[in-house]
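The numbering used here puts the first residue of the sequence shown at 1022, with every later residue one more than the last. Cβ coordinates follow ideal geometry from the N, Cα and C atoms, glycine included. Worksheet for the structure shown next.
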Amino acid sequence: MNKNLILLALLGLGMWYFMKKETASETTGLGIGGRPRFGRPRSEAERRLMHRRRFGTEKLSPRGTGIRRLYD
């Protein structure tokens, strides 16, 4: 029983680590390289990179319009 709990804990920590690593820059507002943005918007290259990762295309909607307008 003790081995099962340790294995389960290690598995949970591993899953948390990999899930956290993928989304940390999006949820914390950190820019490329882990530097804080301090209110600076993403550059066009950063926007395009994030859009490609999330949606698989490079076509961006104009700033401030959100993703809906692009696919309406």
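Burial state of residue i (16 or more Cβ within 10 Å)
i            : result
proline 1083 : exposed
Residue range of the unbroken alpha helix (DSSP H) whose run includes residue i
i            : result
leucine 1070 : 1065-1076
CB-CB length for residue i against residue j, believed under 8 Å
i              : j             : result
glutamate 1065 : arginine 1073 : Contact flag wrong, Cβ pair sits at about 12 Å.
leucine 1081   : arginine 1069 : 6 Å
heavy atom of the ligand FMN below 7 Å from residue i C-beta
i              : result
histidine 1072 : No copy of the ligand FMN appears in this structure; indeed no ligand is present at all.
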